[in-house]
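Chains as they are written, first to last, in my numbering: chain A, 1 to 289; chain B, 1001 to 1165. Data block below; observations after.
Encoded structure:
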């Protein structure tokens, strides 16, 4: 090689040297990927580098060959979030960001139902709230229809369909007229979660007292006690008989036994006798005998 | 000013505990779905506890200590963040998250009072340290969806997730 060619070769090599050391590395990332799906990350250039994928939700590290697409396998990046991809090469660091979105298919529901026990026949008294998650526990924020279904022991059903907003939905139901256990179901596609809501009889309705003389005493009894929907009020419920007479008052609390309450009280001519259970008043009798 | 009332909340002493610069906090007017009324005290407590969770997250990630998360996180959120910290520790890296701006709106208070959902347009700085060397720092803007549930004495973060919308 001539001296002239040697000089030219050296000059060319020196000119290329900085470019080789400071070779620009470009990172090509998807904008959004679905949780758990496979995708590719590409870093241009040549040589080896280390790729970090960082987010509060997950961290990955991969050794990469620049210029060769790096596949991120399905099931690797599963947590929805905003991620930074940082490519650390020998002489430079390049970064970018992308989002991992929740998978579109619901896999589980978080279902909050309240109360677990309440009187029959109340309007809007049962509420349910739902959060919808994918198979990786990510909250699915895209609107998703949720079916709320409340069915009574006899099979009567109330159904509301509500679309989620930001991953949540709620509904209110009436307690049914029958006592017993209702099934409260939240359903998204073929995913359902069930809660049992116990319905007990409501307050007594139409408390009716009868009175008759029994020897020197007054015998008081009430008809079988039911709520306004016809459910038998449970034994043990307290019924209060009150007799007000000239200059005095006597009160007797009697628990229901087989649906009725009976008591004997001293007879006072001209007395006024009333009956009540809780806040519910029954009829009133004026005893003249 | 638009319908949403921006309240600059220097009231929230976000970073008092750790001495770092306070994040700017804006709280949008509440537009709740759901029948339950959100009292001002409950709202203030939920936001205060949520903002504190960012401080705790920052400390836990910086020190690679998952146990620090217990105070502020619960359930899925805690499990995922703790797993990330364990991954970081295994890889020999540290990340430093510093929240700079929060723009918060409470969007759902569940009827039974057991969860509050809020949206937060967050700006934060995140830096990566490999071993003892700082490698890069980035400023990030993201929209977070947060679900808080009540614990013994505070609200804890149960869902902590960005929404790519």
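Even for Gly, the Cβ is constructed at its ideal location relative to N, Cα and C.
>> Taking the beta carbon of residue 12/A as the centre, do at least 16 other beta carbons fall within 10 Å, making it buried, or is it exposed?
In response: Locating residue 12/A in the first chain gives position 12, counting from the first residue. Here the model assigns residue 12/A a pLDDT of 42, short of 50, so the residue's position is not dependable, and the following value carries that caveat. With fewer than 16 Cβ atoms within 10 Å of its Cβ, residue 12/A is classed as exposed.
> Excluding sequence positions up to five away, which residues of its chain have a Cβ less than 6 Å from the Cβ of residue 1144/B?
Replying inline: Counting from 1 along the second chain, the entry for residue 1144/B is found at position 144. Around residue 1144/B: 1120, 1122, 1162.
> Interface residues of chain A around residue 1238/B at Cβ under 8 Å?
Replying inline: What is shown of chain B runs 1001 to 1165, which leaves residue 1238/B out entirely.
>> I need the boundaries of the beta strand (DSSP E) containing residue 136/A, first residue and last residue.
In response: As a working note, residue 136/A is residue 136 in the first chain. Where residue 136/A is concerned, there is no enclosing beta strand (DSSP E), given that its DSSP letter is neither H nor E.
> Is the Cβ-Cβ distance between residue 1084/B and residue 1128/B less than 9 Å?
Replying inline: Here the question's residue 1084/B lines up with position 84 in the second chain. Here the question's residue 1128/B lines up with position 128 in the second chain. No, the Cβ-Cβ distance between residue 1084/B and residue 1128/B is not below 9 Å.
>> Within 10 Å of its beta-carbon, does residue 1102/B have 16 or more other beta-carbons around it, so buried, or fewer, so exposed?
In response: Your numbering for residue 1102/B matches position 102 in the second chain. Residue 1102/B is buried by the Cβ-count criterion.
> Three-state secondary structure (DSSP) at residue 73/A?
Replying inline: Start at 1 with the first residue of the first chain, and residue 73/A comes out as number 73. Coil.
>> Any C-beta of chain B within less than 8 Å: which residues of the stretch 65-97 of chain A qualify?
In response: Of all residues in the stretch 65-97 of chain A, those with a C-beta nearer than 8 Å to a C-beta of chain B are 79, 80, 81, 82, 84, 86, 88, 93, 95, 97, reading in chain order.
> From residue 22/A to residue 91/A, what distance separates their C-alpha atoms?
Replying inline: Position 22 of the first chain, counting from 1, holds the residue named residue 22/A. Position 91 of the first chain, counting from 1, holds the residue named residue 91/A. Caution is warranted here: a pLDDT of 40 is assigned to residue 22/A, below 50, making its placement in the model unreliable, and no coordinate value can be reported.
> Relative to the alpha-carbon of residue 77/A, which residue among 216/A, 136/A, 31/A has its alpha-carbon at the smallest distance?
Replying inline: Locating residue 77/A in the first chain gives position 77, counting from the first residue. Selected option, being the one with the closest Cα: 136/A.
> Which of the residues in the stretch 1142-1163 of chain B, read from start to end, lie with their CB under 8 Å from any CB of chain A?
Replying inline: 1142, 1145, 1147, 1159, 1160, 1161, 1162, 1163
> Under a Cβ-count criterion, where at least 16 other Cβ atoms within 10 Å of its own Cβ denotes burial, should residue 251/A be classed as buried or exposed?
Replying inline: On the first chain, residue 251/A is found 251 positions in, with the first residue counted as 1. Flag for residue 251/A reads exposed.
>> Please confirm whether residue 58/A has its beta-carbon closer than 9 Å to some beta-carbon of chain B.
In response: For this step, residue 58/A is matched to residue 58 along the first chain. So, interface residue.
> Along the chain, which unbroken stretches of the beta strand (DSSP E) at least 3 residues long are found entirely within the stretch 1122-1151 of chain B?
Replying inline: For the stretch 1122-1151 of chain B, whole beta strand (DSSP E) runs of length 3 or above, ordered along the chain, are 1133-1150.
>> Counting only Cβ pairs nearer than 9 Å, list the residues of chain A close to residue 1087/B.
In response: To locate residue 1087/B, count along the second chain from 1; it is residue 87. Listed along the chain, the chain A residues whose CB falls inside 9 Å of the CB of residue 1087/B are 58, 59, 60, 61.
> What does a CB cutoff of less than 7 Å around residue 129/A pick up in its chain, not counting 5 residues either side in sequence?
Replying inline: Here residue 129/A refers to the residue found at position 129 when the first chain is read from its first residue. The residues are 112, 168, 170.
> Could you give the distance in angstroms between the alpha-carbon of residue 32/A and the alpha-carbon of residue 102/A?
Replying inline: Here residue 32/A corresponds to residue number 32 of the first chain, with the count starting at 1. Here residue 102/A corresponds to residue number 102 of the first chain, with the count starting at 1. Approximately 10 Å, taken between the alpha carbons.
> Between the C-alpha atoms of residue 75/A and residue 35/A, what's the straight-line distance to the nearest angstrom?
Replying inline: Within the first chain, the letter at position 75 stands for residue 75/A. Within the first chain, the letter at position 35 stands for residue 35/A. About 8 Å.
> Would a C-beta distance cut-off of 9 Å place residue 49/A and residue 63/A closer than the cut-off?
Replying inline: As a first step, residue 49/A is located in the first chain; it is residue number 49 there, counting from the start. As a first step, residue 63/A is located in the first chain; it is residue number 63 there, counting from the start. Yes, these two residues count as a Cβ contact at 9 Å.
>> Determine, for residue 22/A, whether the minimum Cβ-Cβ distance to residues of chain B falls below 9 Å.
In response: As a position in the first chain, residue 22/A is number 22, starting the count at 1. Since pLDDT at residue 22/A reaches only 40, below the 50 mark, its modelled position is unreliable, and no value is offered.
> In terms of residue numbering, what span does the alpha helix (DSSP H) encompassing residue 1075/B cover?
Replying inline: For this step, residue 1075/B is matched to residue 75 along the second chain. Start and end: 1075-1091.
>> Give me the DSSP bridge partner(s) of residue 105/A.
In response: For the purposes of this step, residue 105/A is taken as residue 105 along the first chain, with counting starting at 1. According to DSSP, which records beta bridges pairwise, residue 105/A is partnered with nothing at all.
> residue 248/A: which of 238/A, 270/A, 257/A sits nearest, CA to CA?
Replying inline: In the first chain, the residue the question calls residue 248/A occupies position 248. Selected option, being the one with the closest Cα: 270/A.
> Helix, strand or coil: which one does DSSP assign to residue 117/A?
Replying inline: Numbered from 1 along the first chain, position 117 holds the residue referred to as residue 117/A. Looking at residue 117/A - three-state DSSP - the assignment turns out to be strand.
> residue 1043/B by DSSP, collapsed to three states: which one?
Replying inline: Looking up residue 1043/B in the second chain gives position 43. In the displayed model, residue 1043/B falls within a helix according to three-state DSSP.
>> I want to see whether chain A comes within less than 9 Å of residue 1030/B, judged by CB atoms only; does it?
In response: Along the second chain, read from residue 1 onward, the residue named residue 1030/B stands at position 30. Not an interface residue.
> Taking the C-alpha atoms as reference points, what is the distance between residue 1078/B and residue 177/A?
Replying inline: For the purposes of this step, residue 1078/B is taken as residue 78 along the second chain, with counting starting at 1. For the purposes of this step, residue 177/A is taken as residue 177 along the first chain, with counting starting at 1. Using only the alpha carbons, I get a separation of about 43 Å.
> Roughly how far, in whole angstroms, is the beta-carbon of residue 98/A from the beta-carbon of residue 27/A, given that I think they are within contact range, below 8 Å?
Replying inline: The count along the first chain starts at 1 and reaches residue 98/A at position 98. The count along the first chain starts at 1 and reaches residue 27/A at position 27. At roughly 10 Å, the Cβ-Cβ gap does not stay under 8 Å, so residue 98/A and residue 27/A are not in contact.
>> For residue 281/A, count the other beta carbons within 10 Å of its own beta carbon; 16 or more makes it buried, fewer makes it exposed. Which is it?
In response: Residue numbering aside, residue 281/A sits at position 281 when the first chain is read from its first letter. Using a 10 angstroms sphere on the CB of residue 281/A, the tally of other CB atoms stays under 16, which defines it as exposed.
> How is the beta strand (DSSP E) around residue 264/A delimited, first residue to last?
Replying inline: Taking the first chain and counting its residues from 1, one reaches residue 264/A at position 264. For residue 264/A, the enclosing beta strand (DSSP E) stretches over residues 262-266.
> With a CB to CB cut of under 7 Å and the five nearest residues on each side skipped, what residues in its chain are close to residue 285/A?
Replying inline: Locating residue 285/A in the first chain gives position 285, where the first residue counts as 1. Correct list, in chain order: 209, 211, 273.
>> Along the stretch 100-124 of chain A, where does the CB come closer than 9 Å to a CB of chain B? Name the residues.
In response: Going along the stretch 100-124 of chain A in chain order, one finds 100, 101, 102, 110, 112, 113, 114, 115, 124 with a Cβ nearer than 9 Å to chain B.
> Can you name, in chain order, every residue of its own chain whose Cβ lies under 6 Å from the Cβ of residue 185/A, other than the five neighbours on each side?
Replying inline: Taking the first chain and counting its residues from 1, one reaches residue 185/A at position 185. Sequence-distant partners of residue 185/A (beyond 5 residues in either direction) whose C-beta falls short of 6 Å from its own C-beta, in its chain, are 149, 192, 194.
>> If the criterion is Cβ atoms closer than 9 Å, does the pair residue 1048/B and residue 1109/B meet it?
In response: In the second chain, residue 1048/B corresponds to position 48, counting from 1. In the second chain, residue 1109/B corresponds to position 109, counting from 1. Not a contact, by the Cβ cut-off of 9 Å.
>> The beta strand (DSSP E) that contains residue 188/A, what's its start and end?
In response: For this step, residue 188/A is matched to residue 188 along the first chain. Residue 188/A -> beta strand (DSSP E) spans 180-188.
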